[in-house]
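A.B. asks: Supplied in structure tokens, the structure appears directly below.
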Amino acid sequence: MDSAPAAKRRKVVTSPVDLTPEALTATTLLQLQVEGLLQEAQLVLDEAEALEPFLRKLAKIFKKLPATEVNSTCAESDGYLKALHSDLKGTWTCRAPNITPNIRAVIFHSHVVATCKWLDMAVEVPSSCLHEKDYRRHLYHAKKAMVLLEVAKHLGKSKLVVAQEWQLVNDDPRRPALLIKLAGSPIAVRLLPCPAVDAFQISKLGPSRGNLRPKIMAAAADGQPAPPSPIYNASVLQDILMREHSETIQQACKLVPALANGIALLKVWAERQGLQAGQDALCTGLLLSMMAARQAFAGSLNPAMSAYQIFKAVLAALAQPNYLTKPVAWPSKKAQDDTQKQGPALPQPPNPSAFKQSAAVFLLDPSGWLNLTAAVSTSVLAHARSCAHQTLAALEKRSGEDVAFDVAFPDFLPSILQFDLFYRVHLPTAAATASDQTAASAAYAQAEQLVRRALGTRARLVRALPAACPPCTSLGGLPTPTSAPSSILIGAQVDSTAVLRVLDKGPAGQDAAACKAFRSFWGDKAELRRFPDGTIAEAVVWDASPSQRHLIADWAVKWILERHMQGAEVEACSGVLDGLLQNAAEPAEQQLAASRQLGAATEKLGKQLRALTATALRVIAVQPLGAISRHTASFHPLPHPAAGAAESAAAQQGMPRCLEPVELLVRLEGSGKWPDQLEAYNMTKAAMGVQLADVLQSSYGLHARASRECIDVFADGFTFRLILHSSRDEAMAVRPEAPGHADAQRLAARLAHQGLVMGAAGQNSAWAPTARLASRWVNAHMAGNHICAEAVELLVAACFMPATSSLPLPGTSLAGFLRFLHLLGTHPWSIQALIVDPAADLTREARQALLADHEALKQEGVAPALPIYSPADPMSIWTRSQPSKAVVQRLGKLAIQSLQTLQGAIEGKAGSLAEPAAWHAIFATPLQDFDEAILLNPVGLPHSHRALPAMTQLELDGSHAAVPHQAQAVLQHIPADVARRRGMQKLRGDLLVGFDPLGMLLTELGKRFGHMVDFGADLTGGTLVGMRWKTRKPQLAALDVAASYAVMPAADISDGDTAALQVSLQTTAVLQDIQLLCPGLVLTIADTQLANGRD
């Protein structure tokens, strides 16, 4: 930002400094991390210094290059020159260009980040090769390409050069460059051709001058004067002023010593945020350097600033709403004067207001003739501004924490994480451009504008995401200004509430011109409607059921693009994962309706319970519990006829026999007469439950079953499981020495977690669908018995916390799911704990205390492998005992693989954007991760119809164990004719509430074999149980009598002490015992390693 006038004194605002030991430690760690990052860049600089002898040899080669007569129609360049539509014809003399072997003269214009190990070097095209009017009609661009081509021919014969490749500078097809790799040098050199400063009249390249043929620009007819070509002119000026810009940056670095390192940090940030791709990129190395230099000359950067402070200062300027929105002259005239002393004088520049009509983003260089951002669009500026704002907000919130560095410079941050919706537009032909934009830029701009108008206020940001142009081995392989992409990827950031809107309101009916434009844009979708407030206006109404409202944005974009871009085909992916959360027996529409019915039934039952007066203790409150009531379960139970739903709800295929209970915590009024002994207390509470069940049946006619632990109530189509809770339970939860403390503490944690989750879900409509997808993914990879639903929900909640990373809040379930995979796969679980605080209830001191407690657990070796803390769970109850470190590492690896697969599908590298197969593949767990797989009988599982097809990957021989008659049972559905014949009253006694054969099997397997085997299963509806031996190698151990059936003595048994007997595990015996453990449920056990062709 520009500084205030020199006459005014600047007011320095300082923030309070946190001098606590924790803050100082975190600050020191941040400094060390920043210094480490800068050392990587410094290594590249040191390597560049070592390159100087090679450059001297290269300069000698250039001097020996002979003048050559070149033909503009040579095979290597013919295609490229034709695409430029230049007037270069016949032959002309190409002379050797000049280079400067001085590293420091060009180092600040180079890629000094370790990931980009090359040095940009200016190669001056001799003025004798250029005509004074070659700046017009791509003549200069054609000649500089021919010069590079001749240089490449001669360098290819030199032993100094081992490889060459062609690149585009900032993906601009008008700016080809030659990258050469020198023998024995770790740094490559990229040759950038440029003319001398006095080669052309700079005044002819102003923003209002037209230098292209009218036939190239469709907006002008033949015989008419050429319209302005500001983007084309800027491409020529960038070459002319290349060295002047480098000198300006060097002068700025003298004013602020740490500026070079600050620029290096900015480059790393932009690279990891994905802001450097495309012809219209704002955060290229040059532009970031010039932004920083501008602030240095304006006095906004103090010479005493560190590199990190400079980094934050430039980001703060970029995050301002008005930054680069108006053309402003370079802040210091002295910089321009110093530059001109070293070269020819530049003419007086135009007034900055002359650039207003030629661009939307403005960053004028010191000469005043060049707008460095002439090709940058407002959407690119908005994207960069958003990233800068999010980064600064996260750094402010995480100030003093160990994760501050990772927030600013994440190691792995795919660009797809920054958007909520994606559209791929396939273009059959390229439309003629109406400006001096390249064909690709024009296509991107048109598609982007149409998507922005189609989404309207649903979208906060819409941006076309250009693919980076890969290097080529020849000039002819590079894209040209007339090369149009075959497809365009567009990303959008949306508002989570507005994106579900079913109506787009247009202009008022009396505004004829606006109504005509609205109907021209929307076509047949537009209609004139009267609204409840009496106004009449144009509108577009989308006929979508509640379960389809997340698809409305896709419908709108498809309609507009296919209407206004002839022949375009549009792919969208908002509903590509919907099939994972529904099936033929449980369609999405019925699940959504059931969710609403459950809410009403819960409220009704709560009122009935609170109104009871015939019980010993009155009910004072009813609190829902469980994933079903939080709307985070992958599948929602449907109303059941035997539980009071309409008879028509019974499916023709049959009626479910196993019912999923909805848990409710029933708070009883306080009393001092509860027994002190735990057993007596539980029996008294059970008696209270029996009384409550009787009163419900007598007062409201509700069928209720009382047990020692709970009361099951059938009401309004659902089964509610009531858990009684008294003041005695609250006392036991806070007293570790009290009997029953563990159960009471877990129940208290469930209550607190319920409130945390419901509060987070209420802030964002995409939260609950994201949690459903995340739970489905965890279970699909057979980890549902290791990571509980509460832990998954906390992971999802962490993805929706504001200002915790440099990413905006997710606006769709797809974006939330991508963030979940990224968090699970990239968070350093073994080093850092995750604190989930959606409502920002924790103070900094409280957060530091939680982290300190976790460090203490790490020192004792008892820290959880998946450490997740929250205000509702300050002791990580949900992950304290499981998952294990091996499970966390496996899921982290699978999460990264899944994210990369989805990134490939979205970017078009692997499959179609709208093809479900590519997306559903990430839910197929690799069975080779397990040693054995237990195949279960689907008939014996209540929800086997929810199993994913990808789970049945084993090729079994069909030799299943025989199912005894007494083990055969109907658990999935009671036939409809049986239900009608017996009647609902009699049938209700055969229903099983909360019956979970798979969970019971896993519990029994864990008790018997948990010390030798890790088991994994899909609790949503899987039909496989994975087994992985804790050790593959036979190891000797002392005899355990309880497991004597599965071991073999390591030596002959003697009459000595059997307690010292050494035994080894016999896997065959364990598998046989599992086979016999649950007849009828376990069909067979297969070796997954053999099934996958492994030893």
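Just so we're aligned, residue 43 is where the sequence shown starts under our numbering, counting upward by one. Beta carbons are placed, not taken as given, at the ideal position from N, Cα and C, and that holds for glycine.
Could you give the distance in angstroms between the alpha-carbon of HIS823 and the alpha-carbon of PRO811?
C.D. replies: Going by the C-alpha atoms only, they are around 19 Å apart.
A.B. asks: Considering only residues of the same chain and omitting the five flanking positions on each side of CYS514, which have a CB-CB separation below 7 Å?
C.D. replies: Answer for CYS514: GLU207, TRP208, LEU520, listed in chain order.
A.B. asks: For GLN468, report the span of its beta strand (DSSP E) as first-last.
C.D. replies: One detail in the question is off: residue 468 reads as His in this sequence, not Gln. Residues 463-468.
A.B. asks: What are the residues that DSSP puts in a beta bridge with SER529?
C.D. replies: Answer by DSSP bridge pairing, in chain order: HIS468.
A.B. asks: Output yes or no for whether 9 Å exceeds the beta carbon distance between SER525 and ALA481.
C.D. replies: A contact, by the Cβ cut-off of 9 Å.
A.B. asks: At which residues does the beta strand (DSSP E) containing MET1069 begin and terminate?
C.D. replies: 1066-1071 is the extent of the beta strand (DSSP E) around MET1069.
A.B. asks: Going by beta-carbon coordinates alone, are GLU957 and LEU531 separated by less than 9 Å?
C.D. replies: The answer is no: Cβ separation not under 9 Å.
A.B. asks: Fully enclosed by the region 613-694, which beta strand (DSSP E) runs are 3 residues long or longer?
C.D. replies: Correct list: 661-666.
A.B. asks: Between the region 414-432 and the region 341-361, can you find at least three pairs of beta-carbon atoms closer than 8 Å?
C.D. replies: In short, these stretches touch, since the Cβ pair count reaches three.
A.B. asks: According to the Cβ coordinates, are ARG591 and LEU542 closer than 9 Å?
C.D. replies: Yes, they are a contact pair.
A.B. asks: Under 7 Å Cβ to Cβ from PRO394, same chain only, skipping five residues before and after it: list those, please.
C.D. replies: PRO369, VAL370, ALA371, LEU406.
A.B. asks: Anyone know if the C-beta pair for GLU878 and LEU798 falls short of 9 Å?
C.D. replies: At residue 878 the sequence reads Val, which differs from the Glu that was named. Closer than 9 Å, so yes.
A.B. asks: Could you tell me whether the Cβ atoms of VAL1035 and ARG747 are closer together than 9 Å?
C.D. replies: Yes, the Cβ-Cβ distance between VAL1035 and ARG747 is below 9 Å.
A.B. asks: Would you decide whether THR1073 is buried or exposed? Buried here means 16 or more other CB atoms lie within 10 Å of its CB.
C.D. replies: Burial call: exposed.
A.B. asks: Rounded to whole angstroms, how far is the Cβ of LEU412 from the Cβ of LEU330, which I believe are closer than 8 Å?
C.D. replies: Not really, about 16 Å apart at Cβ, beyond 8 Å.
A.B. asks: Confirm, please, whether the CB-CB distance from ARG466 to GLU569 is below 9 Å.
C.D. replies: No, the pair does not count as a contact, with Cβ atoms beyond the cut-off.
A.B. asks: Should ILE305 go down as buried or exposed, given a rule of 16 or more other Cβ atoms within 10 Å for buried?
C.D. replies: ILE305 is buried by the Cβ-count criterion.
A.B. asks: Whole angstroms are fine: how far does the CA of ARG750 sit from the CA of PHE677?
C.D. replies: Taking the straight line joining both Cα atoms gives about 28 Å.
A.B. asks: State the Cα-Cα distance for the pair ALA791 and GLU832, rounded to the nearest angstrom.
C.D. replies: ALA791 and GLU832: Cα-Cα distance of roughly 10 Å.
A.B. asks: Considering just the uninterrupted stretch of the beta strand (DSSP E) at THR133, what are its terminal residues?
C.D. replies: THR133 -> beta strand (DSSP E) spans 133-136.
A.B. asks: Between the Cα of SER986 and those of LEU647, THR1065, ASN806, LEU71, spot the shortest distance and give me the residue it belongs to.
C.D. replies: The shortest Cα separation from SER986 among LEU647, THR1065, ASN806, LEU71 belongs to THR1065.
A.B. asks: Taking its Cβ as the centre, do 16 or more other Cβ atoms sit within 10 Å of VAL154, making it buried, or is it exposed?
C.D. replies: Its pLDDT being 43, under 50, VAL154 is placed unreliably in this model, and the coordinates cannot settle the point.
A.B. asks: Give the DSSP bridge partners of SER912, in chain order.
C.D. replies: BP columns for SER912 point to ASP915.
A.B. asks: Identify every run of the beta strand (DSSP E) within the region 765-843, keeping only runs that are complete inside it and at least 3 residues long; order them along the chain.
C.D. replies: Counting only runs of 3 or more, we get nothing.
A.B. asks: Report the option in GLN292, PRO392, VAL929, SER245 whose CA atom is closest to the CA atom of LEU328.
C.D. replies: Closest option to LEU328, Cα to Cα, is GLN292.
A.B. asks: Measure the CB-CB distance between ALA164 and CYS236 and report whether it falls below 9 Å.
C.D. replies: Yes.
A.B. asks: The alpha helix (DSSP H) spanning TRP208 covers which residue range?
C.D. replies: First-last for TRP208: 203-210, but that is the beta strand (DSSP E), not the alpha helix (DSSP H).
A.B. asks: Note the first and the last residue of the continuous alpha helix (DSSP H) segment covering TRP564.
C.D. replies: Here the alpha helix (DSSP H) through TRP564 covers 554-564.
A.B. asks: Classify ALA170: buried if its beta carbon has 16 or more other beta carbons within 10 angstroms, exposed otherwise.
C.D. replies: The sequence shown places Ser at residue 170, rather than the Ala named in the question. Answer is exposed; the Cβ neighbour count stays below 16.
A.B. asks: What would DSSP say about GLN382, mapped onto helix, strand or coil?
C.D. replies: Since pLDDT at GLN382 reaches only 47, below the 50 mark, its modelled position is unreliable, and no value is offered.
A.B. asks: For a test of the three-state rule: what should DSSP assign to THR522, helix, strand or coil?
C.D. replies: Coil, per DSSP.
A.B. asks: If you reduce the DSSP assignment to three classes, tell me which class LEU720 lands in.
C.D. replies: In this structure, LEU720 counts as helix in the three-state DSSP scheme.
A.B. asks: I'd like the list of long-range same chain contacts for LEU507, defined as Cβ closer than 6 Å, with 5 residues on each side in sequence excluded.
C.D. replies: Excluding sequence neighbours, LEU507 sits near LEU531, GLY533.
A.B. asks: Just the C-alpha distance for LEU97 and TYR182, rounded to the nearest angstrom, thanks.
C.D. replies: For LEU97 and TYR182, the distance between alpha carbons rounds to 26 Å.
A.B. asks: Please state the DSSP three-state secondary structure of ARG232.
C.D. replies: In the structure shown, ARG232 sits in a strand (DSSP, three-state: E or B).
A.B. asks: So, is THR1062 buried or exposed, given that buried needs 16 or more other C-beta atoms within 10 angstroms?
C.D. replies: THR1062 comes out buried.
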